[in-house]
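Asks: Chains as they are written, first to last, in numbering that gives the first Met the number 0: chain A, 0 to 84; chain B, 0 to 423; chain C, 0 to 955; chain D, 0 to 164.
Cβ atoms here follow ideal geometry from the backbone N, Cα and C, with glycine treated the same way.
This is the structure I have questions about; it appears just below.
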Amino acid sequence: MLLIPCPFCGKRNESEFIYGGPVGADRPDPNAATDQEWVEYLTVMPNPLGPVQENWWHARGCGDWFTIWRDTRTHDIVEAPDGTK
Amino acid sequence: MMINIITIMQKYSVFSLARNALSGHRNWPQAWRSPPLKDSYDVVVIGAGGHGLATAYYLAKEFGITNVAVLERGWPGGGNIARNTVTIRSNYMRDESIPFYVKSVAMYEGLTDDLNFNMMHSKRTMVDVVQTWPKLRELRRRQLTMDIYGSTYEQITTEEVRKRIPALTGGGPDARLPVICGMVHTDAGVNRHDAVAWGYARAADARGVEIHQQTAVQSLLRGADGKIEGVETNRGVVKAAKVVVAVSGHTTTLTETAGLKLPLRTMNLTAFVSEPVKPLVDVIVNCPDSGFYFSQSDKGEMVIGGAPDMGQSFRRDIKQHVFEDTVAAMLSLFPSFKKLKLMRQWGGHLDIAHDASPIMDQTDVPGLFVTAGWWGGYKAIPAGGLTLAHLVAKGAPHPLMAPFTLSRFRHLDFVMEAGTTTAR
Amino acid sequence: MAQSNRRAAGGRIDRNQPLRFTFNGNSYEGFEGDTLASALLANGVRVTARSFKYHRPRGIMGHGPEEPATLVELDGEDASGNRPATTVPLREGLNARSVNCWPSPEFDLGGVNQLFARFIPAGFYYKTFKWPNWHLFEPSIRMAAGLAAAPFKPPSKGHFEARYAHAEVLIAGAGPAGLKAALDAARAGKRVFLADEGTEAGGSLLNRNLTISGRPAMDWVADAVAELHGMQNVTHLQNATVWAYREHNLLIVNERAPEQGSILERSWRVRAAEVVLATGATERAMVFGGNDRPGVMLASSVQAYVNRWAVNVGTRVALFTNNNSAYAVAADLAAAGIIVTAILDSREHIPKEALDLVPGLPVHPATVAAGMFGHKRVRAVLAAPLSGGASKWIKCDVLAHSGGWNPTVHLWSQSRSTLQFDEDLAAFVPDQAVQPCRAVGAAAGDLTLDRIIDGGEDSAYGIEPLWRVDVPGQRGKAFLDIQNDVTVSDVHLALREGYDNVEHVKRYTTGGMGIDQGKTGNINIIGTVALQKGLPLQEVGTTTFRSPYTPVSFGAIGGLREGWGLFPYRHTPVTQWNKDNGAVMYEAGARWRRPGYFPKSGEGLQDAVSRECRAVREGVSVYDGSPLGTFELKGRDVPRFLDFIYSNIMSNLKPGEGRYGLMLSEDGLILDDGVAFRLDEHRWLISTSTGHADAVNQHMEKLLQTEFPDWQVMITTVTSQWNNATICGPKAREVMQALDTDIDLSPQSFPFMSFREGAVAGLPARVVRVSFTGELSFEINVAPRHMAELWDKVMEAGAPFEILPVGSESSHVLRVEKGFLSLGHEVDGTVDAYDLGMGWVMSKKKSDYLGKRSIELRRSGGGKRHELVGILPVDPNQKIPEGAPLTPGGRKEATEGLVTACVWSVVNDHWVGLALLENGHARQGETAHVRLKKNVIPVTVTKPVFHDPEGKLLRS
Amino acid sequence: MSYDVTFQRCGISALFDLKGAVDAVEAWVGDALPDFPDRPNYRTGKDGKELFFIGRDHWLARAPLEQEVALEARLKPTDCPVDISIVRVSDTTTFFRVTGPDAGEILAIACPLDLHDSMFDAEAVTYTEVFGLKALVMRCKDGIEFGVEQSFADMIEEYLSRATA
């Protein structure tokens, strides 16, 4: 069970959060992107053997959506969100 | 060549066992050889797990391609196949999936003879314990579609469920989630995961396939024409015009070295076993509404699986809260297990495709094949190995695997299969 | 004969508290402070178990959780199985049995396996039992395997508890090193959590005669414990095993029999800033012929029984060692008046400080034990000089052996911190920590008490590793894993067959896979592999250490969360009324408990549902719609936000107006459907389906906070601020009038899809004209504190119109008759709005909204589409199971669709259904075929609406 | 009872949800409420009213139920400017009190948050988890008070009786 640094509440138990998936590519202009670009944007996510940036929602807390960098090998949080107490 | 290799393989039987017993078991040959690593092969299979070894075996057996090397970073059968809960079943929902798993289950049932290695395949049947009406509707939908493909799924009453699973004393009328009924899948079974890995390894070896342990592939090599050319390993370059990536959770780690992007994410799934006790539960118990399933191994351990963890992970570890959810769900239906003890638990990482269905295909890199996106991939090993071998040998997908090729993503035609996990 | 081996005095037992207990049907007596093992030894019970595979007689070998041989099951109140006898505290009336032998360990029928031993080497089952098939053999194999009987009922009284705790320093182990660490941290004012698996603090000091600065070591322990208990910032638990070390310094502790009312066991989830592992060291076995015979025991255990439990396990003890620690044992035994018949030491040069401990005792350098004489009790040991000289039998009734010491690194390793093989200690010791954690004392490889307490001098340990005895003329099986009956030759066989990785050896031989997880034997397996392969142990490496350190009952892990504590559940103020009025309650979405239908006595489901449907179509009904998800939105950018998340346009709604809409996910799948109302210029109210309220909330917040942080949209969840009673049916308006409201109910001033605020039955209310049934319908929203009152008044005002409460079953029927969408039925992750005949909800004007591009892309692929149609069974009385597939011509081949719903329509007097059918929109009027197992049901394909197609009624 | 505690279902309070930039919200509410807390997850109080700072640009105002009408008249949720949001949510939350010497023991079972006085003092208030649900937790006389989504109240009551059994 991770100890996740919420920018508003500080470190809290993982059970208070809902995982929001890795931070993928920016949303391309749907009217300009090619089919392949669009499919890639939708389906291909970063899957590094190492730090990944991911979204978490403090659903059972202050309601903040924020991102952290978490190392997928160790689960160490290598970069906390800005403004974490 | 093939012939004298086969003679090397000593037939396992009660007679050979007795014969060897008298010689103090000093004459058993190696289950597989350790030949020197050549600098090129017709096919290189990366990963000596279930799917990799099976693919190599069927390449040799069905398509006569024996100049094959299986390269393994660790040791054969040391990956997810050593970490799964050996549940073999074909109760899926969609036309794309059911026939594939029906084939796989049938192949498993004949595997002991085919490989001359005791898989200890035990056709236990699986009982789904149903606790909500929407789940029952979904299972009924599966039932009638499965029937078209000859997979059996019968609804039974709560009383019959309790008769088949005497230890199921929870889930009464006043329970939080009362048991409504059950669904019986008689095709389901369990076997020994080590036997599957070692049996395929031994039989593939006997047909000329080389298995190289402690041989870690660091990157995939492409020629100027963009085609696959071979692999770079900790023991040097190995050339091959065809390379199969069968490395479970690490698929993207490798394919990225060839500049390939795949819709895969690596997640952690855990399992645990209880202390060994005398026979108590004869069937595989699956409780989709509660989010756990288990069976009792021949050694007497309850082998229990639950929901996957949130978030990508290459760390084989236990999420305490996910684990506790599974245990609490189990105790709700099996209160007598409160005094049963946890003996061992572990995690394994696997990659999950965007639509949670497997991917078996030749990639955009000519000559580079992947088999990935397997969760619950153990049950798919024989059919997965056979159909992928077909693709590698013939260059065209086997009809059973056609729905699982990468092309489905081109127009977002996902295979939305609800039957891939009991995760709630 | 009672307690014949009990010493006259001494030991940490209370001789004033005799305890009666039963073992394998015989009754014995022991004392408070005994374990089952110490009491059995005190009573001279030698054979206490039979081994797993060969059913060889076994005795007690250890004195703690490392015990590999004697597993018992307890009957009665604390019934449980597979407990090492060494960890079972004795209590009055304890009733224990050896596992896995019948009728008794003294005479065990399974013993015949010994005759076949040579035919069942490691992995034999992979090679046999193949013909005719495994099923022929499996049942008997299963009966033979498994140890204790399975538990058949839960504890009859008491309960389990799981809780959270937080500490600045968590210390595992209350031996000298752990107590020292606890004192240091506690004195520094830190919040300390100290947990120890034993019944009392002291660790190894409990078993040995040591002094600390001139005083008995246990006095020092008592002082330390007393001081810790005096401090507010210390939590000190005994009988508490730290069994798991998780990520981010979360450790799990299992506390047995806490002094707290009816709590059986308690599980602690401790989050610690720093962890100190003072888990001590475990003595390892020597590997030699007959090393499993009753009477062959770990040297430290023999010492523990003499000192801690005042039990002479034998009268003539021989020792076998490769290090100095056994000499202190010999000294204690001699001091206790036990005859030490020999000290066999595999080392050629024995350090002086060792010899000084045992003046006058017969020490045999460079000599090993090469066999044991005696089947059910040891009588002599075969002493074999390594020089090759003649070996000779030496009398003894106990052989105490020490293969050296393993730091107990299970938790360290679980934390993912690394190990390295220390050549001096000949053991794996902690190396790099990857979490805030350190090991101290013996767990860190520091085996010297003085150093642990006050950094004194290191005294010699002098081990020269001996992984297995290998001399000519060795007699009997040499066991590496006593519990799983794994011998040296099993490991050799595995290696010979190519299973040469340590993990392979473990799996092929099952060595180390027992309940003790090979605490005494694994290192010898690794050593044996290393010798055979000519590798250093570091390269062979260890197998993975997995939680739990020792087995933990599932009850403690589950805590209170079984049953009703497992899944949250939600009630509305009307739930009780519903139950009182005979509602059959269903599990609805989002954990709501809702009425399914209200059967009259003796009435079946179908009759009840039809009766409720008739009321809605012909009279009037009331439905508790409170669980619908509702959100208030406010802010400058709400209009554009709604236009982005709904597929149709919402921004042009006027205050008081509402509109049905569809929410799509970015990849074009249907997320939810619901209604959006504009309350005033800036305030909006949206409703979602019950089951998706949380998902929609998450979806909206994620978009706003991650994609459009500068959009001003403020969302407040009001699901539980508003409950609603929905009056529905042709007579709904009359009931509303009877309820007395200041809202003008005429269709002109209060049309369909509009919203009014006012008083209803004297209560402040929001009334909404939506309809999920196709009938005239008023949704009266009030605050939950008023809901019960409103409900009563509705029933009262509706009585003259024979108003009926209805449940979700009839709602399902009614929506099917209208062809209204139900996410749980028609939406299965493949269909889009066009397939559902809802193209009208897909805005053509908007250049972009969630899901638009993906749906265009998907449809451009030209793949087959399954489209929503109505189906009428050719036989009006033919029911069709929901979920049934449609196949071409009803043949047994790939499906072309499925029946999503099928209900008895009271207005049509006919079973009617909805289906997703390949190319269905173009097939109206055709006959399609539902494929069942035994038969085929022909159905006519129709438009998906069976009642009031123009929608006159709901607008009326 | 193995724990020396009593728990009490207190029902609902007057509760208003406030969102928006702090200046804008402050300007609108004026002196209708206590001063705005300057630290996240802290509360301020004034003549029976309390103000909880429980999220980014997010506050809860709490008062005895009998003050609800008056407070609503002061806060005027329906009239406040577009850039702030005020919603009456009194009915959404049911409050419980766990008091007595062992109150901490019960919260240790229910709540993963470290409620040690050195970590969570008398003025602290925060959303966290209680018996697996989102809950608003704060100290009260002789114990802990927490609020949960009103529809879960029956479940929490049942859970509390099991935990204190």
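(1) Is there a Cβ from chain C that is less than 7 Å from the Cβ of residue 111 of chain D?
(2) Which chain E residues sit within Cβ distance under 9 Å of residue 168 of chain C?
(3) Classify residue 563 of chain C as helix, strand or coil using the three-state DSSP reduction.
(4) If the cut is a Cβ gap below 9 Å, which residues of chain C does residue 155 of chain A touch?
(5) Taking only the alpha-carbon atoms, compute the straight-line gap between residue 122 of chain C and residue 399 of chain B and give it to the nearest angstrom.
(6) Mind checking the region 42 to 71 of chain A against chain B and listing, in chain order, the residues whose C-beta falls within less than 9 Å of any C-beta there?
(7) If you run the structure through DSSP and keep just helix, strand and coil, what is residue 884 of chain C?
(8) Is the CB of residue 38 of chain A under 7 Å away from at least one CB in chain B?
(9) Which class does residue 495 of chain C belong to by DSSP, given the choice of helix, strand or coil?
(10) Against chain A, which members of the region 120 to 133 of chain D pass a CB distance test of less than 7 Å?
(11) Within 7 Å of any Cβ in chain D, is that where the Cβ of residue 7 of chain A sits?
(12) For residue 18 of chain A, which of helix, strand or coil comes out of DSSP?
(13) For residue 134 of chain B, which of B:290, B:347 and B:346 has the nearest alpha-carbon?
(14) Chain A beta carbons: is any one of them nearer than 7 Å to that of residue 14 of chain B?
(15) By DSSP, does residue 955 of chain C sit in helix, in strand, or in coil?
(16) Can you find a C-beta in chain A that's less than 7 Å from the C-beta of residue 249 of chain C?
(17) Which of the three DSSP states, helix, strand or coil, is assigned to residue 393 of chain C?
(18) Let me know if residue 50 of chain C comes out buried or exposed under the rule of 16 or more other beta-carbons within 10 Å of its beta-carbon.
(19) May I ask you to report which of helix, strand or coil DSSP gives residue 4 of chain A?
(20) If you measure between the beta carbons of residue 75 of chain B and residue 55 of chain B, is that distance less than 7 Å?
(21) Of all the CB atoms in chain C, is at least one closer than 7 Å to the CB of residue 4 of chain A?
(22) What are the residues of the region 117 to 134 of chain C that lie near chain B, defined by any Cβ-Cβ distance shorter than 8 Å?
(23) Buried or exposed for residue 4 of chain C, please, with buried defined as at least 16 other CB atoms from any protein chain shown within 10 angstroms of its CB.
(24) Quick one: using the 10 Å Cβ neighbour count with 16 as the cut-off for buried, is residue 384 of chain B buried or exposed?
(25) Thinking residue 107 of chain B and residue 120 of chain B are a contact (beta carbons under 8 Å), I'd like their distance in whole angstroms, please.
(26) For residue 239 of chain B and residue 20 of chain A, what's the separation of their Cα atoms in angstroms?
(27) Got a sec? Which residues, its chain only, sit under 7 Å from residue 362 of chain C by beta carbon, not counting five neighbours each side?
(28) So, does the region 618 to 629 of chain C touch the region 711 to 724 of chain C, judging by three or more C-beta pairs under 8 Å?
(29) Using three-state DSSP, classify residue 433 of chain B as helix, strand or coil.
(30) Check residue 526 of chain C in the structure and name its three-state DSSP category.
(31) Which two residues bound the contiguous beta strand (DSSP E) that contains residue 633 of chain C?
(32) Taking 8 Å as the limit between beta carbons, can you name the residues of its chain near residue 305 of chain C, skipping five residues before and five after?
(33) Shorter than 7 Å from the beta carbon of residue 30 of chain A to some beta carbon of chain D?
(34) Tell me which same chain residues have a C-beta within less than 7 Å of the C-beta of residue 277 of chain C, skipping the five on either side of it?
(35) Please classify residue 745 of chain C as buried or exposed, where buried requires at least 16 other C-beta atoms within 10 Å of its C-beta.
(36) Mind checking residue 417 of chain C: buried by the 16 CB within 10 Å criterion, or exposed?
Replies: Reading from the atomic positions:
(1) As a working note, residue 111 of chain D is residue 112 in the fourth sequence. Chain C contact via Cβ: present.
(2) No chain E appears in this structure, whose protein chains are A, B, C and D.
(3) What you label residue 563 of chain C is simply residue 564 of the third sequence in a count that begins at 1. Helix, per DSSP.
(4) Outside the shown range of chain A, which is 0 to 84, sits residue 155 of chain A, and nothing can be said about it.
(5) The residue given as residue 122 of chain C occupies position 123 in the third sequence. The residue given as residue 399 of chain B occupies position 400 in the second sequence. If I take the Cα positions, the gap works out to 35 Å.
(6) 42, 43, 44, 45, 46, 47, 48, 49, 51, 53, 55, 69, 70 and 71
(7) Within the third sequence, the letter at position 885 stands for residue 884 of chain C. Residue 884 of chain C falls in the strand class under three-state DSSP.
(8) The sequence position of residue 38 of chain A within the first sequence is 39, counting from 1. True, the Cβ-Cβ gap to chain B drops below 7 Å.
(9) Within the third sequence, numbered from 1, the residue matching residue 495 of chain C stands at position 496. Residue state, collapsed to three classes: helix.
(10) 125, 126, 127, 128 and 133
(11) Position 8 of the first sequence, counted from the start, is the residue given in the question as residue 7 of chain A. For residue 7 of chain A, the answer is yes, since a Cβ of chain D falls inside 7 Å of its Cβ.
(12) Position 19 of the first sequence, counted from the first residue, corresponds to residue 18 of chain A. Residue 18 of chain A: strand per DSSP, three-state reduction.
(13) Indexing the second sequence from 1 puts residue 134 of chain B at position 135. Closest option to residue 134 of chain B, Cα to Cα, is B:290.
(14) Taking the second sequence and counting its residues from 1, one reaches residue 14 of chain B at position 15. Cβ-Cβ to chain A under 7 Å: no for residue 14 of chain B.
(15) The count along the third sequence starts at 1 and reaches residue 955 of chain C at position 956. Coil at residue 955 of chain C, not helix or strand.
(16) The residue you call residue 249 of chain C lines up with position 250 of the third sequence. With 7 Å as the cut-off, residue 249 of chain C counts as an interface residue toward chain A.
(17) Walking along the third sequence from the start, residue 393 of chain C turns up at place 394. Here residue 393 of chain C sits in strand by DSSP.
(18) Position 51 of the third sequence, counting from 1, holds the residue named residue 50 of chain C. Buried.
(19) Reading the first sequence from its first residue, position 5 is the one you call residue 4 of chain A. It is a strand residue.
(20) Along the second sequence, read from residue 1 onward, the residue named residue 75 of chain B stands at position 76. Along the second sequence, read from residue 1 onward, the residue named residue 55 of chain B stands at position 56. No, the Cβ-Cβ distance between residue 75 of chain B and residue 55 of chain B is not below 7 Å.
(21) Position 5 of the first sequence, counted from the first residue, corresponds to residue 4 of chain A. Cβ-Cβ to chain C under 7 Å: no for residue 4 of chain A.
(22) 117, 118, 120, 123, 124, 125, 126, 127, 128, 129, 130, 132, 133 and 134
(23) Residue 4 of chain C sits at position 5 when you count from the first residue of the third sequence. When all chains shown are included, residue 4 of chain C counts as buried.
(24) The residue you call residue 384 of chain B lines up with position 385 of the second sequence. With 16 or more other Cβ atoms within 10 Å, it is buried.
(25) Start at 1 with the first residue of the second sequence, and residue 107 of chain B comes out as number 108. Start at 1 with the first residue of the second sequence, and residue 120 of chain B comes out as number 121. Indeed they touch by this definition, with Cβ atoms about 6 Å apart.
(26) Numbered from its first residue, the second sequence carries residue 239 of chain B at position 240. Numbered from its first residue, the first sequence carries residue 20 of chain A at position 21. Answer to the nearest angstrom: the Cα atoms are 37 Å apart.
(27) Position 363 of the third sequence, counted from the first residue, corresponds to residue 362 of chain C. So the list reads 342, 344, 349 and 354, once near-sequence residues are dropped.
(28) yes
(29) Here chain B comprises residues numbered 0 to 423, so residue 433 of chain B is not present and cannot be evaluated.
(30) For the purposes of this step, residue 526 of chain C is taken as the residue at position 527 of the third sequence. Here residue 526 of chain C sits in helix by DSSP.
(31) If you number the third sequence from 1, residue 633 of chain C lands on position 634. Segment 628 to 633, the beta strand (DSSP E) holding residue 633 of chain C.
(32) Working through the third sequence from its first residue, we reach residue 305 of chain C at position 306. 6, 311, 312, 331, 332, 335 and 337, listed in sequence order.
(33) Sequence index remark: in the first sequence, residue 30 of chain A carries index 31 (1-based). So, not an interface residue.
(34) Here residue 277 of chain C refers to the residue found at position 278 when the third sequence is read from its first residue. Closer than 7 Å at Cβ, skipping near neighbours: 170, 171, 172, 174, 176, 177, 180, 439, 440 and 442.
(35) By one-based count along the third sequence, residue 745 of chain C stands at place 746. Exposed is the call here.
(36) For the purposes of this step, residue 417 of chain C is taken as the residue at position 418 of the third sequence. That one is exposed.
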